[in-house]
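Novice:
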Amino acid sequence: DQQVKQNSPSLSVQEGRISILNCDYTNSMFDYFLWYKKYPAEGPTFLISISSIKDKNEDGRFTVFLNKSAKHLSLHIVPSQPGDSAVYFCAASGDNFNKFYFGSGTKLNVKP
Amino acid sequence: GAVVSQHPSRVICKSGTSVKIECRSLDFQATTMFWYRQFPKQSLMLMATSNEGSKATYEQGVEKDKFLINHASLTLSTLTVTSAHPEDSSFYICSARDRTDAFSGANVLTFGAGSRLTVL
């Protein structure tokens, strides 16, 4: 039973436009949500996070939005750059930080 | 920044043999490391939590006798796939808790690059 879902396996966006990556979760006990970015042949790297007490967190070109009632979060990248092309994973954690539940990833392709 | 090194990146072995995968934190100490497994187009599935100096904690459905985990030091955890079979072929990735995100307070994981195991 997958508790974190990324229903779009891939996304293609033109350079300079906005990229929106979506993530849904089922467990209302999740408190923290993180986005990881993964290039081929490398491990995922931490990108941005958000706590359930917030509905938005912004870091440069990256903004994460959280809609707790809908159990939905999204990552916005604007403007998108070709170097942003990677696989993006969302992850969720509850009180026990030993448990990070990951989505299946969305492969973003930013076209020049 | 924090780096986690995982070795080997690729391994091919015959059915029935054992394979060891190493996970090292290069510039920080990790009392806890995590082992994940990823099937194609699926999520990273937590297999076990590796605790330095004590037994690993396995997730439900993970055979602890097949996937032996040893956390011998604060910088090294190993995963041994014993008597490997073709169904064990997968992508295995380790991570360590590196720091606490200043904004959310969430523990941030640093990942190794993963190991692709192919059992013939």
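Heads up: the sequence lines are chains A and B, in that order.
Going by the working numbering, the first residue of the first sequence is number 1, and it counts up by one from there.
Going by the working numbering, the first residue of the second sequence is number 113, and it counts up by one from there.
Ideal Cβ positions, reconstructed from N, Cα and C, are used throughout, including at glycine.
1. Pull up the distance between the alpha-carbon of Y36/A and that of V231/B, whole angstroms please.
2. Between F46/A and chain B, is any beta-carbon pair separated by less than 7 Å?
3. Using a 10 Å radius around the Cβ and a threshold of 16 neighbouring Cβ atoms, would you call H119/B buried or exposed?
4. Can you list, in chain order, the residues of its chain whose CB lies under 6 Å from that of L21/A, leaving out five sequence neighbours each side?
5. Are there 16 or more other CB atoms within 10 angstroms of the CB of D139/B, so buried, or fewer, so exposed?
6. So is S80/A buried or exposed if we call it buried at 16+ other beta carbons inside 10 Å?
7. Using DSSP's beta-bridge definition, name the partner residues of A142/B.
8. What residues in the region 187-206 of chain B have a beta carbon less than 7 Å from any beta carbon of chain A?
9. Do we get a CB-CB distance below 7 Å when we pair F62/A with the residues of chain B?
10. Using only alpha-carbon positions, find the residue among A142/B, D177/B, L186/B that is nearest to M159/B.
11. What residues in its chain sit with their C-beta under 8 Å from that of S201/B, if we drop five residues either side in the sequence?
12. G83/A and M29/A: beta carbons closer than 7 Å?
13. Just the C-alpha distance for S155/B and S49/A, rounded to the nearest angstrom, thanks.
14. Tell me the DSSP secondary structure of E175/B in three-state form.
15. Can you tell me whether S84/B is buried or exposed? The criterion is at least 16 other CB atoms within 10 Å of its CB, across all chains shown.
16. Does the beta-carbon distance from L73/A to F33/A come in below 7 Å?
17. According to a CB-to-CB cut-off of less than 9 Å, which residues of the region 85-106 of chain A neighbour chain B?
18. What is the rounded straight-line gap between the Cα of T212/B and the Cα of N57/A?
19. Report the rounded CA-to-CA distance for S189/B versus E171/B, giving the unit in angstroms.
Specialist: On the basis of the supplied data:
1. The straight-line gap from Cα to Cα measures roughly 29 Å.
2. Using a Cβ-Cβ cut-off of 7 Å, F46/A counts as an interface residue toward chain B, since at least one Cβ of chain B sits closer than that to its own.
3. When all chains shown are included, H119/B counts as exposed.
4. Here the set comprises L75, Y88, T106.
5. Exposed, since its Cβ has fewer than 16 Cβ neighbours within 10 Å.
6. Buried, because 16 or more other Cβ atoms sit within 10 Å of the Cβ of S80/A.
7. Partner(s): none; A142/B has no beta bridge.
8. Residues passing the 7 Å Cβ filter: I205.
9. Output row for F62/A: interface = no.
10. Answer by Cα proximity: D177/B.
11. Within the same chain, S201/B has close Cβ partners L229, T230, V231.
12. For G83/A and M29/A, no; Cβs fall outside 7 Å.
13. When only Cα atoms are considered, S155/B and S49/A end up about 18 Å apart.
14. Annotated three-state conformation of E175/B is coil, per DSSP.
15. Any property of residue 84/B remains undetermined from this structure, which presents chain B solely from 113 to 232.
16. For L73/A and F33/A, yes; Cβs fall inside 7 Å.
17. Answer set for the region 85-106 of chain A: F89, A91, S93, F97, N98, K99, F100, Y101, F102, G103, S104, G105.
18. T212/B and N57/A: Cα-Cα distance of roughly 16 Å.
19. Rounded to whole angstroms, S189/B to E171/B spans 17 Å at the Cα level.
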